[in-house]
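Take a look at the structure set out below.
Residue numbers (the working numbering): 21 to 208.
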């Protein structure tokens, strides 16, 4: 019996095999519709903001679609059927094969990137039952690498030479001198 794992190339993105609770009123059909709409938006805009479970789910589909487009090209019938099914806007099928596949042909790593963003929320000191969005999961930015947008700001490593850090360290020393004057007046 032939090894079936050799027929499908391994993804460069590690797919976690766990239940993501992406339920809709329409059931599994609605779930597929949501994935198709999100994947179409990702290919159209190249950067979208959404919650983490949906981004993690769509990322695997985007990686597979781009990888198959690079490997087989637009002349392969099965790849064209996959692209036609998963992409709602048909002009984006041409973008997949003519723009994205050549861009990612030389990439060694994954084709997408996920950034965790600050979750927007209502301040807990406001009105307790104020209407507004409720975010159960982390809010993330899912983007295709090499997009024309400016980079998403990440977590900046603390630098002791930044002016606010210098001022805070001097303020800490001053408070310490005021709390413990005997240590500050000790002979050197």
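Ideal placement from N, C-alpha and C gives every residue a C-beta, glycine not left out.
This structure is a prediction, so every number in the text was calculated from the model and none was measured.
Distance, residue j Cα to residue i Cα
| i | j | result |
| --- | --- | --- |
| residue 105 | residue 172 | 31 Å |
| residue 192 | residue 201 | 14 Å |
| residue 160 | residue 198 | 45 Å |
| residue 43 | residue 58 | 15 Å |
| residue 188 | residue 47 | 54 Å |
| residue 181 | residue 196 | 21 Å |
| residue 117 | residue 53 | 22 Å |
| residue 49 | residue 97 | 24 Å |
Cβ neighbours of residue i in the same chain (closer than 7 Å, five flanking residues each side left out)
| i | result |
| --- | --- |
| residue 55 | 77, 78, 81 |
| residue 129 | 32 |
| residue 113 | 103, 104, 107 |
| residue 67 | 161, 163, 167, 169 |
| residue 133 | 163, 165 |
| residue 124 | 86, 90, 131 |
| residue 109 | 60, 64 |
| residue 217 | A query on residue 217 cannot be resolved here, the shown segment of the chain reaching from 21 to 208 and no further. |
| residue 231 | In the structure displayed, the chain extends from 21 to 208; residue 231 sits before or after that span and is not available. |
In DSSP terms, what residue i is bridged to
| i | result |
| --- | --- |
| residue 68 | 162 |
| residue 132 | 164 |
Sequence-distant residues of the same chain with beta carbon closer than 8 Å to residue i, five excluded per side
| i | result |
| --- | --- |
| residue 100 | 94, 113 |
| residue 145 | Because the pLDDT at residue 145 is just 49, under 50, the model does not fix this residue reliably, and the value given afterwards should be weighed accordingly. Result list for residue 145: empty, nothing under 8 Å. |
| residue 178 | 185 |
| residue 126 | none |
Spatial neighbours of residue i in its chain, beta-carbon cut-off 6 Å, leaving aside the 5 residues before and after
| i | result |
| --- | --- |
| residue 92 | 99 |
| residue 70 | none |
| residue 40 | 73, 77 |
| residue 61 | 68 |
| residue 135 | 161, 172 |
| residue 51 | 42, 44 |
Option nearest residue i by Cα separation, candidates the options
| i | options | result |
| --- | --- | --- |
| residue 37 | 73, 185, 183, 122 | 73 |
| residue 87 | 189, 120, 194, 136 | 120 |
| residue 75 | 183, 194, 158 | 158 |
Proximity test, Cβ basis, 8 Å: residue i and chain B
| i | result |
| --- | --- |
| residue 165 | Going by chain labels, chain B is absent from the structure shown, which holds only one protein chain. |
- Message: To test your reading of the DSSP string, which unbroken alpha helix (DSSP H) runs of 4 or more residues are found completely within the segment 85 to 121?
- Response: Entirely contained in the segment 85 to 121, the alpha helix (DSSP H) runs reaching 4 residues are, in chain order, 97 to 106, 111 to 115.
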